[in-house]
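Below is one structure, written out as structure tokens; comments come after it.
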Amino acid sequence: MGIDLRRPLPLNRLKYIPDTVEYIDVLRLDLLHDTISGNKWFKLKYNIEAMRGEGKKGMVSFGGAYSNHLHALAYAGYQLGFATVGMVRGEAVMNECLSDCVKWGMELHFMSRSEYRNKNDDLFLEGIRNRFSDYSIVPEGGDNELGARGCEEIMEGVNMQDYDVVCVSVGSGTTLRGISSCMKPGQMLLGFAPMKGGGYLSEKLAPFVSHSNWRIIDRYALGGFGVVKQDLRDFATYFESRESIALDYIYTAKMMYGLYDMYEEHIAVRDRVRVLAIHTGGLQGNRGFGQMRIC
Ligand SMILES: *Cc1c(COP(=O)(O)O)cnc(C)c1O
1247 MGIDLRRPLP LNRLKYIPDT VEYIDVLRLD LLHDTISGNK WFKLKYNIEA MRGEGKKGMV
1307 SFGGAYSNHL HALAYAGYQL GFATVGMVRG EAVMNECLSD CVKWGMELHF MSRSEYRNKN
1367 DDLFLEGIRN RFSDYSIVPE GGDNELGARG CEEIMEGVNM QDYDVVCVSV GSGTTLRGIS
1427 SCMKPGQMLL GFAPMKGGGY LSEKLAPFVS HSNWRIIDRY ALGGFGVVKQ DLRDFATYFE
1487 SRESIALDYI YTAKMMYGLY DMYEEHIAVR DRVRVLAIHT GGLQGNRGFG QMRIC
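The sequence shown begins at 1247 in my numbering and counts up by one.
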């Protein structure tokens, strides 16, 4: 396809780590591409292929006002030559993320929060299907079978036997599902949920996770989804100054914060573990956090 991806993905060993771990490597999905960074490309890849196979002219999907998913989809449509429609949660207000999407030719439709909540209902989807009959419809975050299949490719080139624990941030959990197919017996897969009550993901994902040793950790929501407290921001700044790796506030900063806290507080699975942390990208979303929005 017409998007040049950086492969193999860089793997960086962190310089400063809790003494209970042997090492922490970061798989840099954020460096996959300058624009379409992170896990979103993997979730789109086979959805795009399927859309093309069905002879559709484009793709409709859903997301918030700083959605990494819609941003990636708009760019993919622009580069690969298919139409894109973004159904955006919330009132019609433009921002840097949505301006990029429009620049790349995405048609935007704003939906009230109550309307948006119905986005997976049959009746609602029927309406969208009628309205956009030449388009394929992909759920928010690329959360479907094809999205998960693409995520199985995230670990390509990684020596899995070098690790005891693999950490990833979870939203829909599609990425975790895909990654679970690469896990080896004895390894632990940890999904860090950045939202309160993220434990529901354990139930939702259980039928799809093809590895027995895994769990969702939701104690590091740090105020809830999209909430970024000053502590977290300070952590991300400090982490970046030490390791030269920028983190997004919504997902990867909370994961990394949680990872350090867990091992420093000895909530660890066991000592001297070798950890792989997956950087799922999402840095464009940080543009949504001007001083005003920090709690
Ligand atoms: C979307 C996103 C996630 C969550 O991915 P899921 O597959 O929905 O679990 C994690 N990290 C970043 C940076 C994201 O943009």
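Note that beta-carbon positions come from the ideal geometry of N, C-alpha and C, so glycine has one too.
Annotation for residue 1330: the continuous beta strand (DSSP E) segment containing it runs 1329 to 1335. When only Cα atoms are considered, residue 1378 and residue 1487 end up about 46 Å apart. Exposure of residue 1536 is indicated by the presence of fewer than 16 other C-beta atoms within 10 angstroms of its C-beta.
In the three-state reduction of the DSSP assignment, residue 1287 falls in the helix class.
In this structure residue 1470 is in contact with residue 1442, their Cβ atoms being roughly 5 Å apart against a cut-off of 8 Å.
Contact annotation: residue 1525 and residue 1275 have beta-carbon atoms nearer than 8 Å.
When 1255, 1266, 1292 and 1277 are compared, the shortest CA-CA separation from residue 1492 is found for 1277. For residue 1392, the CB stays at least 7 Å from every heavy atom of ligand 1.
Between residue 1429 and residue 1381 a beta carbon distance of about 35 Å is seen, past the 8 Å cut, so the two are scored as non-contacting.
Distance from the CA of residue 1411 to the CA of residue 1338, rounded to the nearest whole angstrom, comes to 42 Å.
The criterion of a C-beta distance shorter than 8 Å is not satisfied by residue 1310 and residue 1332.
When the beta-carbon positions are compared, residue 1322 and residue 1290 come within less than 8 Å of each other. Here residue 1307 carries a strand assignment [DSSP, helix/strand/coil]. Shown here for residue 1342: same chain residues with a beta carbon closer than 6 Å to its own, the five before and five after excluded, namely 1533 in chain order.
At least one heavy atom of ligand 1 sits closer than 7 Å to the Cβ of residue 1498. Per DSSP, reduced to three states, the secondary structure at residue 1414 is strand.
The continuous alpha helix (DSSP H) containing residue 1425 extends over residues 1420 to 1426. With a cutoff of 8 Å on beta-carbon distance, residue 1425 and residue 1416 are scored as not near each other.
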